[in-house]
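> My questions all concern the structure below.
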Amino acid sequence: MGGSLSKCFDPNGARYEIPTFPWRLAPDGYATRRQLRARGLRPGGQPVAAQILRPRYRHGPLVAYLYRIDRAKPVRPMTPGRRVALAKAMLARRTCPTCRTDAGYVIPASLGTCVPCAYPDDQRTA
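Using my numbering, read the sequence shown as starting at 90 and increasing by one per residue.
Below is the structure:
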């Protein structure tokens with residue numbers, strides 16, 4: 090194993106307090122949150138079981154936490170009330186605070202308003 094990969098290999102948890110593996114070399118039976126979600130599962134309250142590290146030269150390593158697949162629970166189904174609440178939240182993110190119209194897209198946080206309200210001069214010339 091290379092110098093940077095050996096720093097990421099700690100299967101007993103002596104250095105990092107939890108089992109640590111290099112990027113893409115995690116053993117079977119572990120998955121990240123996204124991998125669990127792709128299987129229709131969720132961590133279900135279990136603690137982080139392991140981690141994988143990806144070394145970087147200019148910054149600290151990238152960390153991904155792993156959960157045990159056998160302890161994961163199925164994703165909760167979408168209820169009608171949750172669906173309504175999610176639709177209202179998305180409508181609020183699409184509504185421009187200046188002109189109060191549905192922009193049809195999520196308003197960028199950097200602008201704070203829809204694009205026509207943020208750049209009114211550019212819209213007249215176009």
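A virtual CB, placed ideally from N, CA and C, is assigned to each residue, including glycine.
1. Kindly list the residues whose CB is nearer than 6 Å to the CB of residue 160, restricted to its own chain and excluding five residues on each side of it in sequence; keep chain order.
2. Classify residue 211 as helix, strand or coil using the three-state DSSP reduction.
3. Can you give the Cα-Cα distance for residue 99 and residue 123, rounded to whole angstroms?
4. For residue 152, name the three-state secondary structure that DSSP assigns.
5. Any idea what DSSP makes of residue 135, helix, strand or coil?
6. Is the segment 136-156 close to the segment 166-184, with three or more CB pairs under 8 Å?
7. Residue 120 by DSSP, collapsed to three states: which one?
8. In this structure, how does DSSP classify residue 169 when only helix, strand and coil are distinguished?
9. Measuring CB to CB, does residue 155 end up less than 8 Å from residue 120?
10. So, helix, strand or coil for residue 142, using DSSP?
11. Taking 8 Å as the cut-off, does the segment 105-113 touch the segment 142-151 (at least 3 CB pairs, one atom from each stretch)?
According to the structure shown:
1. Numbered from its first residue, the sequence shown carries residue 160 at position 71. In chain order, 135 place their CB closer than 6 Å to the CB of residue 160, counting only its own chain and leaving out the 5 sequence neighbours on each side.
2. Residue 211 sits at position 122 when you count from the first residue of the sequence shown. Residue 211 falls in the helix class under three-state DSSP.
3. Reading the sequence shown from its first residue, position 10 is the one you call residue 99. Reading the sequence shown from its first residue, position 34 is the one you call residue 123. Rounded to whole angstroms, the separation of the alpha carbons of residue 123 and residue 99 is 23 Å.
4. The residue labelled residue 152 in the question sits at position 63 within the sequence shown. Three-state DSSP puts residue 152 in a strand.
5. The sequence position of residue 135 within the sequence shown is 46, counting from 1. Here residue 135 carries a coil assignment [DSSP, helix/strand/coil].
6. Because the criterion of three Cβ pairs below 8 Å is not met, the segment 136-156 and the segment 166-184 do not touch.
7. Your numbering for residue 120 matches position 31 in the sequence shown. Look at residue 120 here: in three-state DSSP terms it is strand.
8. As a working mapping, residue 169 is identified with position 80 in the sequence shown. Helix at residue 169.
9. Along the sequence shown, read from residue 1 onward, the residue named residue 155 stands at position 66. Along the sequence shown, read from residue 1 onward, the residue named residue 120 stands at position 31. The criterion of a C-beta distance shorter than 8 Å is satisfied by residue 155 and residue 120.
10. Here residue 142 refers to the residue found at position 53 of the sequence shown. The DSSP-derived three-state label of residue 142 is strand.
11. Yes, the segment 142-151 touches the segment 105-113.
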